[in-house]
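Working notes, structure below.
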Amino acid sequence: MMKINVLKLVLYLLFWQLQGCISDTDNASIQLNDDVLGLIVFKSELQDPASHLESWNEDDDFPCSWRFVQCSPVNGRVSQVSLDGLGLSGKIGRGLQKLKHLKVLSLSNNNFTGNINPELGLIGSLERLNLSNNGLSGLIPVLNMSSMKFLDLSENSLSGPVPDDIFQNCLSLRYLSLASNMLEGSISSSSLARCSYLNTLNLSNNHFSGDLGFSDGMWALKRLRTLDLSHNSFSASIPEGVLALHNLKELLLQGNHFSGPLPWDIGFCPHLSRLDFSNNQFMGTLPGSLGILNSLSFISLSNNMLTGDFPMWIGNISTLEFLDFSNNDLTGTLPSSIGNLKSLNHLSLSNNRITGSIPISLTDSTKLLVIRLRGNSFNGSIPAGLFNLGLEEIDFSGNGLMGSIPPGSSRLLESLRILDLSNNNLMGNIPAEIGHFSNLRYLNLSWNDLHSRMPPELGYFRSLIELDLRNNAFYGLIPGDICEARSLGILQLDGNSLTGPIPEEIGNCTSLSLLSLSHNNLSGSIPRSISNLSKLKILKLEFNELSGEIPQELGKLENLLAVNISYNRLIGRLPVAGVFPTLDESALQGNLGICSPLLKGPCKMNVPKPLVLDPNAYNNQMGGHRQRNDPSSNPANSSHRMFLSVSAIVAIIAAILIVFGVVLISLLNVSARRKLAFVDTALDSMCSSSSRSGIGNPAAAGKLVLFDSRASTDCIINPESLLKKASEIGEGVFGTVYKVSLGAEGRMAAVKKLVTSDIIQHPEDFEQEVRVLGNVRHPNLISLQGYYWTPQLKLLVSDYAPNGSLQTKLHERLPSSPPLPWDKRFKIILGTAKGLAHLHYSFRPPIIHYNIKPSNILLDENLNPKISDFGLARLLTKLDRHVMSNRFQSALGYVAPELTCQSLRVTEKCDIYGFGVLILELVTGRRPVEYGEDNVMILSDHVRTLLEEGNVLRCVDPSMGDYPEDEVLPVLKLALVCTSQIPSSRPSMAEVVQILQVIKTPVSNRMEAF
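Going left to right, the sequence shown walks through residues 48 to 1057 as the numbering used here numbers them.
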């Protein structure tokens, strides 16, 4: 019934639009019905899961009693519709244009999608329009701005340029925010200057470019209080003229390409409270006029190229709360007047060239929470008073500080979360109080001259995630309770003088991802309890005195990516599983007793020597009389009565068991051959019966082999007739792929009909290669299930991937199919890397794919990647030459440059090049080679150029929506390293997997998680 009523309303609405006959002289009831009809039509296209709009009833004559609707007391018409944060979804459809007296429309913080309806521009009475925090896309339509005072379209997915017409009649506009979209192009400053009453302008977090016309447009907005242009690609320098913006309170230009000197008159904005010019290319000295900004509470000039001495006037800005001048080239010393900043809570001066001592007056800034002075040339001692403040972060690393570490006050014990004093000249002991920092997450005292026993207080930490004490002079034992809290993720004790065994309690560190104890004097065996560290990724034990065998249980650590046990006294076999079979010589050398083909020298097994009994020992204890009278005491007869040694008994038993095993295996082989012969006979008979209907002689009928015994063999009795009924799902260099249902269960499989060649005449050659591929099993590799061979027809039967290829998802996606989000793309990258690493390291010689590209990356039901067509290149020496040439022609853009030179040996580095191109495709959504009208775009060169220009994130595929920059940026850099023109400059696949694992939980962001 509701749908019928809504349909009637829509028909009425269309009728009234076509007639255009309702005038202002019409009676009030009809006018009010316009508002009812408009809102009901608008509601009909929404999803309202919480039934917030239940009171909107089409049978009502008046909408003024409806929730979230307000009417004007003057004319009784709807003047305000506010639906913020109600969880509504759908499109902003038709109907609202009927609200001729609507002044406020606010739909923020919902889930609206689609384009902004251009009919909203027909509401000439609108004064406030808020569509922020939705999922709207497309272009910004031309809106009627004659009455508009407030316009907020931020936090959507709008794209394209901003139409110039939007500023044609914007004299009444006070607030404009287009922040956090995907808008691009330049902003017409001359058009924008028409909005002369604008108070707030926010264009941040888009892709705008150009110089914005500061000289003739932006500075004309004299009523501006907030100007936010941050995180775009604006360029050019800022001319003098800031003085004209005397009402300005916030000026935010960070994350652009502005250059040149800072405007000298920036300090003549008396109301300025927030100033952020960080992450640009400003140069020169700091303007002295900044010192007269007596309302300034926030200033950040970090990541520029500013020079000159640190300003002496800094103490004049008594209102300052946040000060960040890091990553510039400032020199000089810190003035004692910095202690005048009583409200300061954040001080960051890292990575400059500031010298001298840390002023004691800084302890007067009692509200300090964060102090970062790393990477300068400070000397002298740490002011003890700083450790009496309620600091949350202290970073003095990379200076020349001397003396001892001050003890912490009770206030600091409760507040401190990050303490980094690394790379200084500190001496003495670690204060005993340090173990009582209840909230400490990160402690780095490495590269100092601290000389003491390992403090037992380290076991008191309850929240510590990273502990780095490398390269000091600590000695003694590693405390057994160092992981009492079990929160430790990174433990680095390298380069000290630690002795004794690695404590068995190390297995309690169940959160460890990095354990590094190298370059010490540790002895004893490697604890088996390390196998409890299921999250461990890196294990470094080199240059110690560890002995014994490596526990085989360590091979069960699935996340372990890198191990170094070189230069110890270890013996025996390496663990047979995990990362250990792929270790290279550098990780093992210096252990003369380890059994590995990579190492020269003896292989020592830690096996106890057998106990040997002296057969004459009993007689020797009986005295001479027994020896004289007992015939058995005669040496000539003793050889017949001699007891066998335990070792001889063990050897005899072992020999008997070996003989028994050989006989048993032989019998099993005979039985298996009989069964195989029976199966072959059955298949031959079946194929012979089918030959009468199509295949012909038994030789042509061929041989079917299915590795999985559960699969039914009767489904491929006549392969050619089967393929005629199957559906073709792809075609490549090696042949055509079909989707086939196997057996009565209807299990789907993929059958590849290989390109035939007269060179392969014998099934043994084909079978030998295919059986190698049949033994390859990995979650990220397509499993080969079987094969069929005749001289004229060769089939490979493998798993079927229900989600098709990455090529389809990435480059041939239908409009109705959603794009891949970043988390899915990263999963595909990591899974593909793991699959390639398995091919490179689990086989000797390694299996090289040669042809990594999206069409060979298949996706299962959970979008897990599975590499296909691996190992087929092993048949290249037996295939026609045209297959080789066609392969490279079909893989344009993926082929490593060295493959064009036939004199170079093909290695795993070829796969790494193709993998790098694959990463670039996944991140950018573009093909490796694109042809324009006048040029050719090589994707790797394009991304490398953008990286050098500092604009690399501009190439990220906008269709995947939000993405974490701290993951995407290093992944792009990894791709460029993988696509290096020099093969030796490319990493190995094991290194690639390790890097990707680290990127997913970046070390650079570990402090942000605190």
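The C-beta atom is built at its ideal place from N, Cα and C for all residues, glycine as well.
Expressed to the nearest angstrom, what Euclidean distance is found between the alpha-carbon atoms of residue i and residue j?
| i | j | result |
| --- | --- | --- |
| Leu586 | Val610 | 5 angstroms |
| Gly972 | Lys856 | 10 angstroms |
| Ser119 | Ala267 | 36 angstroms |
| Glu995 | Pro1017 | 14 angstroms |
| Gly782 | Lys841 | 10 angstroms |
| Ala431 | Asp496 | 19 angstroms |
| Asn423 | Asp467 | 14 angstroms |
| Ser238 | Phe214 | 6 angstroms |
| Asn476 | Arg464 | 21 angstroms |
| Ile364 | Ser320 | 11 angstroms |
| Gln1041 | Leu608 | 6 angstroms |
| Ile383 | Gly427 | Reading the sequence as shown, one finds Ser at residue 383 and not Ile. So the alpha carbons of these two residues sit roughly 15 angstroms apart. |
| Leu220 | Glu231 | 22 angstroms |
| Ile361 | Gly338 | 6 angstroms |
| Ser102 | Ser179 | 25 angstroms |
Considering only C-alpha positions, which residue in the set the options is nearest to residue i?
| i | options | result |
| --- | --- | --- |
| Asn181 | Thr629, Val209 and Lys138 | Lys138 |
| Asn486 | Arg1001, Ser457 and Ser863 | Ser457 |
| Glu589 | Ser155, Gln599 and Ser570 | Ser570 |
| Ser404 | His393, Asn446, Ser236 and His887 | Asn446 |
| Gly379 | Thr332, Thr783 and Leu986 | Thr332 |
| Pro548 | Pro526, Asp541 and Leu559 | Pro526 |
| Leu250 | Pro382, Asp258, Lys269 and Leu276 | Leu276 |
| Asn591 | Leu608, Ser563 and His148 | Ser563 |
| Phe109 | Asn122, Pro866, Ser126 and Asp82 | Asp82 |
Per DSSP, what are the beta-bridge partners of residue i in this structure?
| i | result |
| --- | --- |
| Asp442 | Arg419 and Asp467 |
| Met330 | Pro308 and Met352 |
| Met15 | No information on residue 15 is available, as it lies outside the stretch 48 to 1057 that the chain covers here. |
| Pro912 | Leu906 |
Which of the three DSSP states is assigned to residue i in this structure?
| i | result |
| --- | --- |
| Ala267 | helix |
| Ile573 | coil |
| Gly140 | coil |
| Asp411 | helix |
| Ile452 | coil |
| His254 | strand |
| Phe636 | Note on residue identity: the sequence assigns Gln, not Phe, to residue 636. Correct three-state label for Gln636: coil. |
| Gly882 | helix |
| Gln117 | strand |
| Glu596 | strand |
| Pro548 | strand |
| His483 | helix |
| Thr1026 | coil |
| Gly161 | strand |
| Cys642 | strand |
| Val128 | strand |
| Arg517 | coil |
Is it buried or exposed for residue i, if we count other Cβ within 10 angstroms and need 16 for buried?
| i | result |
| --- | --- |
| Asn903 | buried |
| Ala880 | buried |
| Pro975 | buried |
| Lys584 | buried |
| Thr992 | exposed |
| Met192 | buried |
| Glu908 | exposed |
| Arg419 | buried |
| Tyr785 | buried |
| Tyr834 | buried |
| Val623 | exposed |
| Glu632 | exposed |
| Glu955 | buried |
| Val990 | buried |
| Tyr978 | exposed |
| Ser718 | Reliability fails at Ser718, whose pLDDT of 45 lies under 50, so the model's placement of it is uncertain and no value is given. |
| Arg1033 | buried |
| Ser852 | buried |
| Lys269 | exposed |
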